[in-house]
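Participant: Would you mind keeping the following structure in view while I ask a few things?
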Amino acid sequence: TRKRRNHGRSKKGRGHVRFIRCSNCGRACPKDKAVWKMVTRNMVEVAAVKDLEDASVYNESEPNIDTVLTLTLGQPYAVPKLYVKLQYCISCAIHGKVLRNRSRADRRIRKSLMKPAQRQEVQRPIAQRA
Numbered sequence: 001t002r003k004r005r006n007h008g009r010s011k012k013g014r015g016h017v018r019f020i021r022c023s024n025c026g027r028a029c030p031k032d033k034a035v036w037k038m039v040t041r042n043m044v045e046v047a048a049v050k051d052l053e054d055a056s057v058y059n060e061s062e063p064n065i066d067t068v069l070t071l072t073l074g075q076p077y078a079v080p081k082l083y084v085k086l087q088y089c090i091s092c093a094i095h096g097k098v099l100r101n102r103s104r105a106d107r108r109i110r111k112s113l114m115k116p117a118q119r120q121e122v123q124r125p126i127a128q129r130a
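Residue numbers (full-length UniProt numbering): 1 to 130.
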């Protein structure tokens, strides 16, 4: 008997797959078995961006201070982003709630379950006031 149709890996016809190191614990884990997550963050925190904006001598060109600062030329300066690919072993992915255990029937669902669901805007009728 087997628990998963791919035996928990995506190796298929390959005999060997190189190992990666878990970002959390450092465990050696096969690359095809590892769980990865892309993280995109601003290099500068929102509070620091506001401090830089307040300390700046130059005028604001755009009101959105979360992502834009102004340079000496008055052109908007986009705060650089930090892109990190986190690779986890199965133990750390479950512990950190990147993955969850699923029932036997739910394991057959192959779409990604951990991505946040996009809400569809529903137009609700507005109640008339008397």
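Don't be surprised by glycine CBs; every beta carbon is placed ideally from N, CA and C.
If the criterion is Cβ atoms closer than 9 angstroms, does the pair Tyr-88 and Ala-28 meet it?
Facilitator: no
Participant: Does the distance from the CB of Trp-36 to the CB of Leu-86 come in under 9 angstroms?
Facilitator: Going by C-beta atoms, Trp-36 is nearer than 9 angstroms to Leu-86.
Participant: Between Ile-20, Asn-24, Phe-19 and Lys-11, which has its C-alpha nearest Ala-93's C-alpha?
Facilitator: Asn-24
Participant: Using DSSP bridges, identify the partner residues of Arg-41.
Facilitator: For Arg-41, DSSP records a beta bridge to Leu-82.
Participant: Taking the straight line between their C-alpha atoms, what separation do you get for Val-44 and Val-79?
Facilitator: 7 angstroms
Participant: What does DSSP give as the partner residues of Arg-21 in its beta bridges?
Facilitator: Ala-28
Participant: So, are the CB atoms of Val-39 and Val-84 less than 9 angstroms apart?
Facilitator: yes
Participant: Below 8 angstroms on the Cβ atoms is my guess for Lys-50 versus Asp-32; work out the distance and round it to an integer in Å.
Facilitator: The pair is not a contact, with the Cβ atoms about 44 angstroms apart (cut-off 8 angstroms).
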